[in-house]
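Visitor: Its first residue numbered 1, the sequence shown is counted upward by one per residue in UniProt numbering. Here it is, the structure, as structure tokens.
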Amino acid sequence: MSEEGKKDQYSADSIQALEGMEHVRMRPSMYIGDVGVRGLHHLVYEVVDNSIDEALAGHCDTIEVTINEDNSVTTRDNGRGIPVEIHKKEGVSALEVVMTKIGAGGKFDKDSYKVSGGLHGVGVSCVNALSAHLHAYVHREGKVWEQEYEKGKPLYPVKSTGDTDFRGTEVTFRPDPTIFQQTLEYNYDTLASRMRELAYLNKGIKITLTDKRHQDEKGENVSEVFHSEEGLKEFIRFLDASRTPIIGDVISMEGEKNDIPVEVAMIYNDSYAENLHSYVNNINTHEGGTHLSGFRRGLTSTLKKYADASGMLDKLKFEIAGDDFREGLTAIVSVKVQEPQFEGQTKTKLGNREVTSAVSQAVSEMLENYLEENPNDAKIIVEKVILAAQARHAAKKAREMVQRKSVMSIGGLPGKLSDCSEQDPALCEVFLVEGDSAGGTAKQGRDRNFQAILPLRGKILNVEKAMHHKVFENEEIKNIFTALGVTIGTEEDSKALNLSKLRYHKVVIMCDADVDGSHISTLILTFFFRYMKELIEAGHIYIAAPPLYLVKKGAKKQYAWNDDQRDAIVKEYGDNAKIQRYKGLGEMNAEQLWDTTMNPEYRTMRQVTIDSLAEADRIFSMLMGDEVPPRREFIEKNAVYANIDA
Ligand code: 0RA
């Protein structure tokens, strides 16, 4: 029977009775989030998290991850090795129990220090259940032990196959194509960015990532080693590589408060962006939570106390707000919590109350020491805070202007917006189009029932370098806010977006397919990332993909989106095929633009997603910052033109 058939037969009750492994195969998203690209990569993280757990317990310092030619993945560590003796209760090897019992997770020894890793902490059995084939090797006490599985079912009992001097666990798994129907292809950069993050979060561990699918000029496999001796301190330097620090070095601390291991690192730079990244048991808590509140509380109270005592605030006519202490701040908070409670929409918000005061105390102690020992830096920080407070006052006025406008109905919509007639936002799309002329073509080409057009004039403001009030005063940005119907929370401590009045569920950035166009796309994306991140996270932002070429011969014509496609069409048409290179949207007429780029039946749009907030932050600051060399390198590495779709 097909998997689909099974799904229909089982009722809710009988699902409960199902064996755990079968349930994982029937409802994979419950365990790994989804069965798309993310879920596929999650399998690797799940196994690696087990190796990291071994390292945290002090038994492992080397992890190797290899993407094999067939897109199977091998992970290898020098931990204790999964236990192999006969499990008393189950009557089979512990290795088999770890690999085939959901929730066993292998964590039998409750006494040892261990915290749950993995986004859902589901363990390697889950990876096994979702793999067409998995081969486990354990090197332990001089012997090699092996077992293989298909879709989680053992092919033979655990057997010893030889002697070894090595100690550790090796797992090779090939994801099941019947589960991962969207794609089976691993993305090197996605894995690299997670391995790098893990290396910074767990200093001292050496993580090697190798891609056997690709070789460099010398014929060697693409490979990188991630290893950090200084941990979060180096992570901050990496994140802020394109920003200019205003204090001597990264401020950091590491310690335990109320039995909770806390690590914090921070620096102030000359930008206006607040970059806080928080982790619980190595999981990026996108939605923050109690640890982040603790960080904010510790930072605010300590700096406020220092500033008050310094007398520098005496002439200030208004109160300093929490936000003011975080302008130009890049910080990472990482805690390890035994039984984390995850809340929020994406279950990435820490709920454990006791963590707030632990982090707050840690941050206060760290900062008090630093300010005392570095009076020059202390003065620079307080001056920055005062400037931020003054700018915030100006920004608040500008923001209120935008709000007032967006509350108004049709009359308040920007004059340049050509709206659609459909009223249901879920069915509506808005195209943000570079330039008035392309805007005109799009306006003629669109389906006015559900597609709206908002032309943007030339280069939009680089928000990476602008102060907040300048951003809210900018005409194009005001137009985007009012057209989308999005408002910003007015609470001082929460600038969360209100998406309930979002007027279009698809917001499409449509720019020329050249370097200038991609620069403008990146500027618009930077704006969304810094000021409307929720819109990206909710999957509302898309990038249109106009074709690069039109190939014609006689009455025949076809579009091409890259050089390979173009060459294939030319080959098909034979001699005398005429190639037209589109330099911009403006060269297409309305019908062509509709056919290739706007018609939902034929277009290919790319949805903008964020794999790693830390990585996205670093890339945006680099692309939009002052330093040219890293930007050039990024653009060259990412070939034809720079795209951010990760
Ligand atoms: C169960 C118990 C112990 C370790 C592990 C599982 C373990 C799992 C994985 C997965 C990849 N690498 C791993 N390394 C270890 C504790 C071991 C003991 O008490 O000896």
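From the three backbone atoms N, C-alpha and C, an ideal C-beta is built for every residue, glycine too.
Who are the Cβ neighbours of D595 in its own chain at under 7 Å, not counting the five residues just before and after it?
Guide: Along the sequence shown, read from residue 1 onward, the residue named residue 595 stands at position 595. Close CB contacts of D595 within its chain, under the 7 Å cut and outside five residues either way in sequence, are with Y602 (chain order).
Visitor: Under three-state DSSP, which class holds A555?
Guide: Position 555 of the sequence shown, counting from 1, holds the residue named residue 555. The answer is coil: DSSP assigns A555 none of H, G, I, E or B.
Visitor: Smallest Cα separation from residue 678: which of T164, A132, K153, C126?
Guide: Past the edges of the chain, shown from 1 to 646, lies residue 678, and the structure says nothing about it.
Visitor: Once you ignore the five residues that flank V608 on each side, which residues in its own chain have a CB closer than 7 Å to its CB?
Guide: As a first step, residue 608 is located in the sequence shown; it is residue number 608 there, counting from the start. Around V608: L525, I536, I541, Y542, I543, D645.
Visitor: Check whether the segment 161–179 and the segment 78–92 touch, using three or more Cβ-Cβ pairs below 8 Å as the test.
Guide: yes
Visitor: Could you work out which residue in K349, Q592, V138, T178 is closest to S160 when comparing CA atoms only?
Guide: Counted from its first residue, the sequence shown places residue 160 at position 160. Cα-wise, what sits closest to S160 is V138.
Visitor: Let me check you understand the geometry: is the CB of I82 closer than 7 Å to at least one non-hydrogen atom of ligand 1?
Guide: In the sequence shown, counting from the first residue as 1, residue 82 sits at position 82. Relative to ligand 1, the nearest heavy atom lies less than 7 Å away from the CB of I82.
Visitor: Please give the ranges of any alpha helix (DSSP H) in the segment 227–301, keeping only runs that are unbroken, at least 4 residues long and fully inside the region.
Guide: 232–239
Visitor: Does at least one heavy atom of ligand 1 sit under 7 Å from the Cβ of S160?
Guide: Working through the sequence shown from its first residue, we reach residue 160 at position 160. For ligand 1, not one heavy atom lies less than 7 Å from the Cβ of S160.
Visitor: Is it buried or exposed for Y156, if we count other Cβ within 10 angstroms and need 16 for buried?
Guide: Your numbering for residue 156 matches position 156 in the sequence shown. Exposed, by the Cβ-count rule.
Visitor: Using CA coordinates, which residue listed in H468, L40, E185 is at the minimum distance from D324?
Guide: Residue numbering aside, residue 324 sits at position 324 when the sequence shown is read from its first letter. The shortest C-alpha separation from D324 is found at H468.
Visitor: I need the boundaries of the beta strand (DSSP E) containing E220, first residue and last residue.
Guide: Taking the first residue of the sequence shown as 1, we reach residue 220 at position 220. Note, E220: premise wrong, no beta strand (DSSP E); not H, not E.
Visitor: Do you know whose CA, among S500, V551, D567, lies nearest A538's CA?
Guide: Position 538 of the sequence shown, counted from the start, is the residue given in the question as residue 538. Put simply, of S500, V551, D567 the residue whose alpha carbon is nearest the alpha carbon of A538 is S500.
Visitor: With H, G and I counted as helix, E and B as strand and the rest as coil, what does DSSP make of A545?
Guide: Position 545 of the sequence shown, counting from 1, holds the residue named residue 545. If DSSP states are grouped into helix, strand and coil, A545 belongs with coil.
Visitor: Can you name, in chain order, every residue of its own chain whose Cβ lies under 7 Å from the Cβ of residue 706, other than the five neighbours on each side?
Guide: Outside the displayed span of the chain (1 to 646) sits residue 706, for which this structure offers no information.
Visitor: With three or more C-beta pairs closer than 8 Å as the rule, is the segment 550–567 touching the segment 451–462?
Guide: no
Visitor: Grouping DSSP H, G and I as helix and E and B as strand, with all else coil, what is T74?
Guide: In the sequence shown, the residue the question calls residue 74 occupies position 74. T74: strand per DSSP, three-state reduction.
Visitor: Can you give the Cα-Cα distance for K578 and Q558, rounded to whole angstroms?
Guide: In the sequence shown, the residue the question calls residue 578 occupies position 578. In the sequence shown, the residue the question calls residue 558 occupies position 558. Roughly 11 Å separates the two Cα atoms.
Visitor: What does R606 pair with, by DSSP beta-bridge criteria?
Guide: Locating residue 606 in the sequence shown gives position 606, where the first residue counts as 1. Paired residues: I543.
Visitor: Skipping 5 residues on each side, what residues in its chain have a beta carbon closer than 8 Å to that of L183?
Guide: The residue given as residue 183 occupies position 183 in the sequence shown. Reading the sequence as shown, one finds Thr at residue 183 and not Leu. Correct list, in chain order: G36, V37, L40.
Visitor: Is there at least one non-hydrogen atom of ligand 1 closer than 7 Å to the beta-carbon of residue 653?
Guide: Any property of residue 653 remains undetermined from this structure, which presents the chain solely from 1 to 646.
Visitor: Spell out whether any CB of chain C is found under 8 Å from the CB atom of V98.
Guide: The chain labelled as chain C is not found in the depicted structure, where only one protein chain is given.
Visitor: On the DSSP letters alone, give me the boundaries of the beta strand (DSSP E) that M510 sits inside.
Guide: Locating residue 510 in the sequence shown gives position 510, where the first residue counts as 1. Unbroken beta strand (DSSP E) run through M510: 506–510.
Visitor: Should the segment 259–274 be regarded as contacting the segment 327–337, the criterion being three or more beta carbon pairs within less than 8 Å?
Guide: With the cut-off at 8 Å, the segment 259–274 and the segment 327–337 touch.
Visitor: For the alpha helix (DSSP H) containing G439, list its first residue and its last residue.
Guide: In the sequence shown, residue 439 corresponds to position 439, counting from 1. From DSSP, the alpha helix (DSSP H) with G439 extends over 436–445.
Visitor: Output the distance between the C-alpha atoms of Y62 and L461, rounded to the nearest integer angstrom.
Guide: Numbered from 1 along the sequence shown, position 62 holds the residue referred to as residue 62. Numbered from 1 along the sequence shown, position 461 holds the residue referred to as residue 461. It is Thr, not Tyr, that sits at residue 62 in the sequence shown. Each residue's alpha carbon lies about 45 Å from the other.
Visitor: Is any heavy atom of ligand 1 found at a distance shorter than 7 Å from the C-beta of V65?
Guide: Along the sequence shown, read from residue 1 onward, the residue named residue 65 stands at position 65. Because no heavy atom of ligand 1 lies under 7 Å away, the Cβ of V65 does not count as near it: no.
Visitor: Should D270 be labelled buried (16 or more other beta-carbon atoms within 10 Å of its own) or exposed?
Guide: For the purposes of this step, residue 270 is identified with residue 270 of the sequence shown, where counting begins at 1. Looking at its Cβ environment, which holds fewer than 16 other Cβ atoms inside 10 Å, D270 is exposed.
Visitor: Thinking just about the alpha-carbon of each residue, which of E146, G162, A132 is nearest to the one in K153?
Guide: Against the sequence shown, residue 153 aligns to sequence position 153. Ranking E146, G162, A132 by Cα distance to K153 puts A132 first.
Visitor: For K110, which of helix, strand or coil comes out of DSSP?
Guide: Position 110 of the sequence shown holds residue 110. With a pLDDT of 38 at K110, under the threshold of 50, the modelled position of this residue cannot be trusted, and the question is left open.
Visitor: Using the C-alpha atoms, what's the distance from S72 back to H135?
Guide: Taking the first residue of the sequence shown as 1, we reach residue 135 at position 135. Taking the first residue of the sequence shown as 1, we reach residue 72 at position 72. Roughly 11 Å between the two C-alpha positions.
Visitor: Nearer than 7 Å: is that true of the beta carbon of E54 relative to any heavy atom of ligand 1?
Guide: If you number the sequence shown from 1, residue 54 lands on position 54. Answer for E54: yes, Cβ within range of ligand 1.
Visitor: For ligand 1, any of its heavy atoms closer than 7 Å to the Cβ of S131?
Guide: By 1-based counting over the sequence shown, the position of residue 131 is 131. No, the beta carbon of S131 sits no closer than 7 Å to any heavy atom of ligand 1.
Visitor: Determine the burial state of K583: buried for a count of at least 16 other Cβ atoms within 10 Å of its Cβ, exposed for fewer.
Guide: Taking the sequence shown and counting its residues from 1, one reaches residue 583 at position 583. Counting C-beta atoms within 10 angstroms of its own C-beta, K583 has fewer than 16 neighbours from the protein chains shown and is therefore classed as exposed.
Visitor: In its own chain, which residues sit with a C-beta less than 7 Å from the C-beta of P28, not counting the 5 before and 5 after it?
Guide: Position 28 of the sequence shown holds residue 28. If we look at P28 and ignore the five residues flanking it on each side, its Cβ neighbours are V35, G39, L130, I179.
Visitor: Suppose you measure from the CA of E627 to the CA of S242; what does that come to, to the nearest Å?
Guide: As a working mapping, residue 627 is identified with position 627 in the sequence shown. As a working mapping, residue 242 is identified with position 242 in the sequence shown. Roughly 6 Å separates the two Cα atoms.
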